[in-house]
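A.B. asks:
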Amino acid sequence: MTQTTKNLRQIFNETVKHQKKHDALIIPVTTINLLAYRNDLDIHFPEIHTNKKDMIDLSLAPYKISKIEGVNLPFDMTLESESFGCEIDMRDESNMPEVQKTPFKKAIDVEIPDDFTNTKRMNILYDAICDIRSNYPDLPIVIGIVGPFTLLGQLLGIEQLLKYIKLDYFEVEEALSVVVEALIEFIQKLETLDIDAVVVCEPSASCDLLDPNIFNQLLKGELEYIADETTKTNTILHVCGNTTQIIEDMLTSHYDVISIENVVSLNYVNEMRDKTKSDTLVAGNISTKTLLLGSTSDVRDEVFYALDNGIDILASSCSVPPYTPEVNVAEMVKARDEYYQTQK
4 MTQTTKNLRQ
14 IFNETVKHQK
24 KHDALIIPVT
34 TINLLAYRND
44 LDIHFPEIHT
54 NKKDMIDLSL
64 APYKISKIEG
74 VNLPFDMTLE
84 SESFGCEIDM
94 RDESNMPEVQ
104 KTPFKKAIDV
114 EIPDDFTNTK
124 RMNILYDAIC
134 DIRSNYPDLP
144 IVIGIVGPFT
154 LLGQLLGIEQ
164 LLKYIKLDYF
174 EVEEALSVVV
184 EALIEFIQKL
194 ETLDIDAVVV
204 CEPSASCDLL
214 DPNIFNQLLK
224 GELEYIADET
234 TKTNTILHVC
244 GNTTQIIEDM
254 LTSHYDVISI
264 ENVVSLNYVN
274 EMRDKTKSDT
284 LVAGNISTKT
294 LLLGSTSDVR
304 DEVFYALDNG
314 IDILASSCSV
324 PPYTPEVNVA
334 EMVKARDEYY
344 QTQK
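All you need for the working numbering is the position in the sequence shown, starting with 1, plus 3.
(1) Look at SER298 and ASN265 and say whether their C-beta atoms are less than 8 Å apart.
(2) Assuming ASP259 and LEU284 make a contact with CB atoms under 8 Å, what is their CB distance in whole Å?
(3) With H, G and I counted as helix, E and B as strand and the rest as coil, what does DSSP make of VAL323?
(4) Sort out for me which residues DSSP pairs ILE148 with in a bridge.
(5) Mapping DSSP to helix, strand and coil, what is ASN237?
(6) Express the C-alpha separation of THR81 and ILE71 in angstroms, rounding to a whole number.
(7) Exposed or buried, which one is ASN42 when buried takes at least 16 other CB atoms within 10 Å?
(8) Rounded to whole angstroms, what is the Cα-Cα separation between VAL182 and TYR66?
(9) Please name the residue or residues paired with GLU101 in a DSSP beta bridge.
(10) For ARG12, which residues of its own chain have a beta-carbon under 7 Å away from its beta-carbon, when the five flanking residues on both sides are left out?
(11) With a CB to CB cut of under 6 Å and the five nearest residues on each side skipped, what residues in its chain are close to MET99?
(12) For VAL203, does the count of other Cβ atoms within 10 angstroms reach 16, so buried, or fall short, so exposed?
(13) Should the region 116-131 be called in touch with the region 86-103, which here means at least 3 C-beta pairs below 8 Å?
(14) What would DSSP say about GLN6, mapped onto helix, strand or coil?
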């Protein structure tokens, strides 16, 4: 089937809700903001982060140009920290926005501003979502939010947060709970906009940074709470890096889908699904390195391997690097179509 002959939104929701078996969709679980798209559309960072039309145009580019089967926005990870009162450096064409200054000196200082979900950039995002839904009613809309541990790391500094865990664990617990309440408030606002999924992105919860035991003790319960409180849209949990040691925790954190990187064995994930009797779907795990530096044949091989090993939703393993050739992004779709044609 081609994109013009199927309702991608319906297929996505039927897949995630286990209502009907479909061929694996290719969903932008994480962002795809290729420089090639930006140059073609003559839109650029940092304006895209604050201009509704540019944000919409870039979010639709993977669908319109490369036939990716959904949209993902926003394109940076500072929206929530800015709403907490942090000063943001919007950077430039080659660099993503980052927190420049935070109002919080200690974990105990963290509190939710009254206008947390009503800042200027939040409202630009809401308006962009509404316009996309109005004009593309059959397209899945996926919204990435910064996960609670990563967000708290932005508010306090990630190195400071890791030290805090050792020095004042209970203070970190309290601050994390505050951040979680803010994120739930944000998600509940997003749910009113008829989106199809929120992706809770936790780059700072990678096993490279956070001890897997701390993930289990400190973070898992908060992630479960976010998933449980998200009742009107689908939930996806993405943790960067090699998450092998926390896959069991991810699969049992109540999310509809987990997103994994290429360093994680799909066979192992499937073993853990069987062990935990989890019905959580798995998205991924096409290497961003292959997309950036490999050939279309390399991309094809990874797509075939993922499908052979039971991937439910095809996606890049993490955000696609800006300098990735567009033909490699498009190849994910072509390879998927070829794979299923050979199965018939």
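Where a beta carbon is used, it is the ideal one built from N, C-alpha and C, also for glycine.
C.D. replies: Well, looking at it:
(1) no
(2) 6 Å
(3) strand
(4) Note: ILE148 sits in a beta bridge opposite VAL203.
(5) strand
(6) 25 Å
(7) Exposed, because fewer than 16 other Cβ atoms sit within 10 Å of the Cβ of ASN42.
(8) 33 Å
(9) ASP92
(10) ASP141, LEU142, PRO143 and ASP199, listed in sequence order.
(11) ASP79
(12) buried
(13) Taking 8 Å as the limit for Cβ pairs, the verdict is that the region 86-103 does touch the region 116-131.
(14) Note that GLN6 has pLDDT 47, beneath the 50 cutoff, so the model's placement of it is unreliable and no number is given.
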